Amino acid sequence: MEIYQHFRKEELPFIQQVEDWKSHVGTMYEAKLSGFLDPREREIVTAVVGADETVHVAFFGGVPGAERQRALLYPFYEDAEEGRFQLELFGVDYARKFAEIHHRDLLGALTSLGVKRELFGDITVTKDVLQFICAKEIADFILLNLTKAGNTSLNIHPIPLSEAVRVEEEWQEDTGFVSSLRLDVVIAAIYRLPRSKVKPYIERERVKLNWKTTTQPATFVEEGDVISVRGKGRSTLIALEERSRKGRVRIIFGRKKD
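Heads up, the sequence shown is in this note's numbering, so the first residue is 161 and it goes up one at a time.
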């Protein structure tokens with residue numbers, strides 16, 4: 161199938177899964193609601209469904225521009241109302257005078273409950289607000305069992321989706337030169353790190369490429385790819401320019417502001 165040419169080999173299992181969803185909806189005329197998908201997975205879903213006349217797809221994550229969203233594949237004669245995405249928004253209170261909870265703390269508390277990552281969406285952390293969105297089918301379980309993040313006690317409560325807070329990300333554009341588009345080489349250029357220090361980061365599973373952990377320094381990066389290095393933030397490869405006389409490629413990249 162021509163679509164396979166546009167994605168990496170490791171993405172093939174997910175592509176096949178989406179094809180199964182599409183086939184089921186097109187054959188049985190029963191809608192399929194996915195778990196929460198990252199932007200790369202949504203790109204795949206959109207490509208697989210395409211401009212199909214029988215099966216349509218819509219995405220929603222609780223707020224406009226949510227990073228993690230559920231996909232609804234549905235027959236052409238139905239509508240994709242927001243209620244069909246089965247989302248639950250929780251607010252989190254804790255003793256802010258004595259502790260500070262970060263995104264990673266709440267994420268760790270959720271995963272420690274044995275909850276699959278695909279069942280909860282965006283986590284929003286600001287000076288005054290801590291919220292997260294999850295699939296409605298696990299909302300009761302979360303309400304009963306999410307009582308701590310580390311040693312800090314939590315008080316969680318459901319709130320209407322209309323009260324969801326969306327924090328806009330700020331990105332700083334920059335340029336650099338690389339000898340190749342290997343992941344370790346690109347990371348060294350973007351984060352201004354010696355290449356010798358980058359390889360251990362990757363091998364110790366501290367790097368994500370397009371929201372998936374990778375341990376392969378020799379993986380090649382492409383335009384549009386998103387890189388995340390634990391403790392150093394997120395970046396994206398915006399564009400590639402012509403090679404210099406010395407054979408180096410000029411890259412344009414964005415780094416998320418802290």
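Note that CB positions come from ideal geometry on N, CA and C, so glycine has one too.
Nothing here was measured: the structure is a model prediction, and the numbers come from that model.
Taking Cβ positions, are residue i and residue j nearer each other than 8 Å?
{"i": "Glu323", "j": "Gln246", "result": "no"}
{"i": "Asp282", "j": "Gly243", "result": "no"}
{"i": "Leu473", "j": "Val386", "result": "This structure cannot settle anything about residue 473, because the visible part of the chain is limited to 161 through 418."}
{"i": "Ala211", "j": "His166", "result": "no"}
{"i": "Val215", "j": "Leu232", "result": "no"}
{"i": "Lys416", "j": "Glu329", "result": "yes"}
{"i": "Ala348", "j": "Leu306", "result": "no"}
Count the other C-beta atoms from every protein chain shown that fall within 10 angstroms of the C-beta of residue i, then say buried if there are 16 or more, exposed otherwise.
{"i": "Ala259", "result": "exposed"}
{"i": "Glu383", "result": "exposed"}
{"i": "Val327", "result": "exposed"}
{"i": "Phe337", "result": "exposed"}
{"i": "Asn370", "result": "buried"}
{"i": "Lys257", "result": "exposed"}
{"i": "Val289", "result": "exposed"}
{"i": "Glu201", "result": "buried"}
{"i": "Arg228", "result": "buried"}
Taking the alpha carbon of residue i as the reference point, which residue from the options has its own alpha carbon closest?
{"i": "Pro318", "options": "Ala299, Arg342, Val185, Glu329", "result": "Ala299"}
{"i": "Gly274", "options": "Lys416, Phe301, Val389", "result": "Phe301"}
{"i": "Glu213", "options": "Thr187, Glu333, Thr335, Arg228", "result": "Thr187"}
{"i": "Pro123", "options": "Leu306, Gln291, Ile347, Asp334", "result": "As shown, the chain starts at 161 and ends at 418. That puts residue 123 outside it, with no answer to give."}
{"i": "Asp239", "options": "Thr374, Leu197, Glu329, Tyr189", "result": "Tyr189"}
{"i": "Ala226", "options": "Asp198, Tyr234, Glu203, Asp253", "result": "Asp198"}
{"i": "Trp331", "options": "Arg168, His262, Arg394", "result": "Arg394"}
Identify every residue that forms a DSSP beta bridge with residue i.
{"i": "Gln332", "result": "Arg415"}
{"i": "Leu197", "result": "Gln229"}
{"i": "His317", "result": "Gly251"}
{"i": "Lys192", "result": "Leu233"}
{"i": "Ser395", "result": "Ile387, Arg415"}
Jot down the residue ranges of each uninterrupted alpha helix (DSSP H) in the stretch 238-307, minimum 4 residues, whole runs only, in chain order. 263-271, 299-305
Extract the residue ranges of the alpha helix (DSSP H) inside the stretch 338-384, only unbroken runs of 4 or more that lie entirely within it. 343-350, 355-363
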